[in-house]
Structures are given as C-alpha cells and as structure tokens.
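Notes follow the structure.
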Amino acid sequence: MLAQSTVSGVVSDKASGQPLPGVNVIIKGTSKGTTTDFDGKYELSNVTNGEVIEFSYVGFTTQDIPYASQKTINVSLEEETAKLDEVVLVGYGTVKRKMRQDL
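Residue 323 is where the sequence shown starts when you use my numbering, and the numbers rise one by one after that.
Put into structure tokens, the structure is as follows:
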C-alpha cells in the first residue's frame with residue numbers, strides 16, 4: 323500500500339496577493355477534495371505520491387500540481403480575463419402582484 327499524507331497551504335490571487343476563499347482543491351480523477359476557507363487556507367488528506375492536485379476557481383486559470391511528498395503547497399492563481407468577458411448579465415427587476423378580490 324502506498325503511503326498517504328496530508329498537504330496544506332494557501333491559495334491567493336497572483337496579481338494582488340490576496341487570499342482566495344472558496345477555491346476547489348481536488349485530487350484529479352477522484353471525488354476527494356476540499357475548498358479553501360475565508361483566509362485561502364486548505365488541508366487535503368489521503369494524498370498519495372504521483373497524484374495531481376487541481377486548484378480551480380471561477381474567473382481564474384485552473385492549476386494542476388503533481389504531489390511528491392510536500393507538506394505545504396502554496397498556489398497563486400492568475401485571473402482568466404478571456405472567461406470574464408463571457409459573463410452575460412440577464413437582468414433583474416421587481417414584479418408587483420395584485421390579488422383579485424372578485425374570486
């Protein structure tokens with residue numbers, strides 16, 4: 323059986339250096355994963371050498387990092403401006419309903 327370890331770290335925005343909360347951190351090809359907390363920190367257990375850890379966040383380029391017994395992996399994600407241009411605002415508004423009194 324292969325040795326399994328725990329890896330942790332911080333995920334931040336490469337441009338600003340600010341931590342990114344809610345980043346998906348998964349072992350590629352599995353359902354094992356976690357998300358970063360409010361401070362951009364994560365901890366992922368049961369990681370085996372050779373597995374690939376995927377870091378993904380809306381509006382940022384997904385980054386894959388092969389695991390090789392590191393205890394800490396800090397990641398800086400780059401904004402993906404091409405995908406930001408694809409966001410479409412559908413619209414919003416209010417609707418006023420009237421109750422019919424003749425029923």
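Positions of the beta carbon are idealized from the N, C-alpha and C atoms, including for glycine. The structure presented is a predicted model; accordingly, all values stated were derived computationally and were not measured.
Residue i in three-state terms, based on DSSP
| i | result |
| --- | --- |
| T403 | helix |
| L366 | strand |
| F360 | coil |
| V345 | coil |
| V380 | coil |
| T352 | coil |
| I395 | coil |
| Q303 | With the chain covering only 323 through 425, there is no way to say anything about residue 303. |
Inter-residue Cα distance where the pair is residue i and residue j
| i | j | result |
| --- | --- | --- |
| V380 | F360 | 16 Å |
| K336 | Q392 | 21 Å |
| Q326 | E376 | 17 Å |
| P388 | K350 | 10 Å |
Residue i, buried or exposed, once every other Cβ within 10 Å from all chains shown has been counted against 16
| i | result |
| --- | --- |
| Y414 | exposed |
Inter-residue CB distance, residue i and residue j (contact presumed, cutoff 8 Å)
| i | j | result |
| --- | --- | --- |
| L342 | G362 | 5 Å |
| T358 | V345 | 4 Å |
Pick from the options that is closest to residue i, judged by C-alpha positions
| i | options | result |
| --- | --- | --- |
| V369 | E402, I395 and T383 | I395 |
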